[in-house]
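Take the numbering used here: the final residue in the sequence shown is number 167, and no numbers are missing along the way.
In this text, a Cβ means the ideal position worked out from N, Cα and C, and glycines have one as well.
Written below as structure tokens is the structure these notes are about.
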Amino acid sequence: MTEIVSRNPEETFEAGRKFAAGLAQNSVVGLYGNLGSGKTVFVKGICDYFNVKNDVNSPTFIIVNEYTGFDNARKSVLNIYHFDLYRLKNLKELTDTGFENYLATDNSLCIIEWPELADEYKSVSLVKVNLSPGDSPGERIIKY
Ligand SMILES: Nc1ncnc2c1ncn2[C@@H]1O[C@H](COP(=O)(O)OP(=O)(O)OP(=O)(O)O)[C@@H](O)[C@H]1O
Ligand SMILES: [Mg+2]
């Protein structure tokens, strides 16, 4: 397990980049942590590692954002699907988004904020990341 103490958003961004470098192909990443814990900052770091040029923001109102990246190590295009399941109430609502189709896409990386519902899918194996507050206001503990 890796544990990182981040002192500011830039360090959380860097932690996301470092985490991305170790990801297996077609991973499904679940980011756990409260409102404002830094999940989206961490996703921005992951997307930066994969050379995404799109704006990366929490897709709170539209459930999923799609970005196109490039994986330098594997020399291949990478489709990144950024979910935020905060507003979904049950598994059916998640199924209705076409969630399983995104998971089955080749050369893809799914990143999920508020992933509790996704974890209920038996077929999904989440790479889990936990973000929690540290001792001071700008501090976050990142574990994966
Ligand atoms: N060490 C830190 N790492 C990340 N963000 C930090 C840190 N210190 C302060 N912040 C601030 O905390 C906020 C984190 O916001 P962010 O959108 O990443 O949270 P989130 O976990 O995605 O929240 P939500 O559940 O609402 O989507 C930002 O305003 C950021 O500037
Ligand atoms: Mg967010």
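Open item on the list: With a threshold of 7 Å (Cβ to nearest heavy atom), would Thr35 be considered close to ligand 1?
Closed with: It does: the Cβ of Thr35 is within 7 Å (strictly closer) of some heavy atom of ligand 1.
Task: Closest by C-alpha distance to Leu126, when choosing among Lys112, Tyr104, Leu114 and Thr63 - done: Tyr104
- [ ] Starting from Ile164, follow the beta strand (DSSP E) in both directions and report where the run begins and ends.
- [x] Arg163 to Lys166
Open item on the list: Please return the same chain residues whose Cβ sits closer than 6 Å to the Cβ of Gly61, not counting the five positions on each side in sequence.
Closed with: Thr35, Leu154 and Arg163
- [ ] Determine which residues share a DSSP beta bridge with Asn102 and list them.
- [x] Thr91 and Ser131, per the DSSP bridge assignment.
Open item on the list: Can you determine whether any heavy atom of ligand 1 sits closer than 7 Å to the C-beta of Asn31, and answer yes or no?
Closed with: Asn31 Cβ: within cutoff of ligand 1.
Open item on the list: What would DSSP say about Asp78, mapped onto helix, strand or coil?
Closed with: Here DSSP, grouped into helix, strand and coil, assigns Asp78 to coil.
TODO: Please say whether Phe73 and Leu117 have beta carbons closer to each other than 8 Å?
DONE: no
Task: heavy atom of ligand 2 below 7 Å from Asp201 C-beta - done: One cannot answer for residue 201 here, as it falls past the ends of the chain, which runs 24 to 167.
Task: Spatial distance of Arg110 from Asp119 (CA atoms) - done: 13 Å
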